[in-house]
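Numbering (this note's numbering), first residue to last: 500 to 845. Each remark here refers to the structure printed beneath this line.
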């Protein structure tokens, strides 16, 4: 298999000679499943050195008849190495048992990736999950000898998300206090969320393309909002007494010093799913962020209304993204402004 040689500038405008076909507009629509060759894998690694993990660009430039998802999966395989599969040995079961004994909280909370990291590079998180959930007879007996119920991972009534009663109404003072306290203690380890630039909606993609400079500059340092929120929603002794399970999980998260997800925050709040926690925190933090930057917002002008109406006509009701253009207003306020403008017309 031969490749055309082209001189392509790297990220820092330095010239690098790589084997890429950079014919503009050339896109292969049909992809056939086949094994990767050593030559293709080497070409992929060279591409990543220059362009980073831009898989859509790789699919266009590499000219190896692979889609972006296949290229992404191959890169992960090359970086992580080949994982062991098949029957587990007694030595592996003993090592897994020891890891479960030392990290029972991860076992109960189903943190397969973290358990796999402690196990080593031989087994994938999926392999660890299937092994624990299938619970072979030998592993089951070993767990019981260590006073660990192998069914606890599925039937525990206090720690599993499935058994919780989820509140989908207004947030209570207790929930807000638990949320703010969780962000205060482990927020620095929280996995950051990013805007999703690519969606199935062409209009939304057009908006991101037209206002990409605003997305690039939209990261906000929100650490300062913790103190005023702690004063507004204090964690009282009464709240602590009613939320012992959540407090216990929070202490475990705090001492682990590992990355925390919104699912972890949800396990602390208990009555809210991860998406609820993330959206509520964004709203609380944005309120204080807007107050600090802009003070009390000025009334919506006629020009602002016309701009908002034009945005909705062109891109649809992307309220959360329109806040990048009107940063002093929340998405909910923009929605209400738009509705009022329509009622005035009628």
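Just so you know, even glycine gets a beta-carbon here, dropped at the ideal spot from N, CA and C. As the structure is a prediction and not an experimental result, all values here were calculated from the model.
{"Query": "C-alpha gap between residue 617 and residue 593, whole angstroms", "Result": "13 Å"}
{"Query": "Rounded straight-line distance, which links the Cα of residue 762 to that of residue 774", "Result": "8 Å"}
{"Query": "Three-state secondary structure assigned by DSSP to residue 542", "Result": "helix"}
{"Query": "Selected residue, minimal CA-CA separation from residue 676, among 740, 565, 709", "Result": "740"}
{"Query": "Rounded C-alpha distance that separates residue 555 from residue 671", "Result": "44 Å"}
{"Query": "Residue 824 vs residue 841 beta-carbon contact at 9 Å", "Result": "no"}
{"Query": "Given residue 827 as reference, the closest of 787, 687, 543 once Cα atoms are compared", "Result": "787"}
{"Query": "Collapsed DSSP secondary structure at residue 811 in the structure displayed", "Result": "helix"}
{"Query": "Whether residue 772 touches residue 665 by CB criterion (9 Å)", "Result": "yes"}
{"Query": "Distance, residue 612 Cα to residue 573 Cα", "Result": "19 Å"}
{"Query": "Residue 776 classed as buried or exposed, judged by whether at least 16 other C-beta atoms fall within 10 angstroms", "Result": "buried"}
{"Query": "Between the CA atoms of residue 834 and residue 814 - distance to the nearest angstrom", "Result": "14 Å"}
{"Query": "Where the alpha helix (DSSP H) through residue 681 begins and ends", "Result": "672 to 685"}
{"Query": "Alpha-carbon to alpha-carbon, residue 547 and residue 590", "Result": "38 Å"}
{"Query": "Beta-bridge partners of residue 689, as assigned by DSSP", "Result": "759"}
{"Query": "For residue 727, the first and last residue of its enclosing alpha helix (DSSP H)", "Result": "725 to 731"}
{"Query": "For residue 829 and residue 663, the rounded distance between their alpha carbons", "Result": "31 Å"}
{"Query": "Nearest-angstrom Cβ-Cβ length linking residue 766 and residue 609, presumed shorter than 8 Å", "Result": "Not really, about 10 Å apart at Cβ, beyond 8 Å."}
{"Query": "Separation of residue 615 from residue 542, as counted between CA atoms", "Result": "30 Å"}
{"Query": "Length of the line joining the Cα atoms of residue 737 and residue 756", "Result": "27 Å"}
{"Query": "C-alpha distance - residue 578 paired with residue 798, whole-angstrom precision", "Result": "54 Å"}
{"Query": "Residue 835 - DSSP class collapsed to helix/strand/coil", "Result": "helix"}
{"Query": "Cα-Cα separation between residue 667 and residue 588, rounded to whole angstroms", "Result": "46 Å"}
{"Query": "Segment limits, alpha helix (DSSP H) that includes residue 561", "Result": "That residue, residue 561, is in no alpha helix (DSSP H); it is neither H nor E in DSSP."}
{"Query": "Reference residue 584, options 669, 630, 795, closest by Cα", "Result": "630"}
{"Query": "Residue interval of the alpha helix (DSSP H) (run including residue 587)", "Result": "First-last for residue 587: undefined, no H or E at that position."}
{"Query": "Residue 805 burial status per 10 Å Cβ neighbour count (16 or more: buried)", "Result": "exposed"}
{"Query": "Three-state secondary structure assigned by DSSP to residue 606", "Result": "helix"}
{"Query": "Own chain residues within Cβ distance below 6 Å of residue 605, not counting five before or after", "Result": "613, 614"}
{"Query": "Residue 693, buried or exposed, once every other Cβ within 10 Å from all chains shown has been counted against 16", "Result": "Here residue 693 scores only 43 on pLDDT, less than 50, and its place in the model should not be relied on; the value that follows carries that caveat. So residue 693 ends up on the exposed side."}
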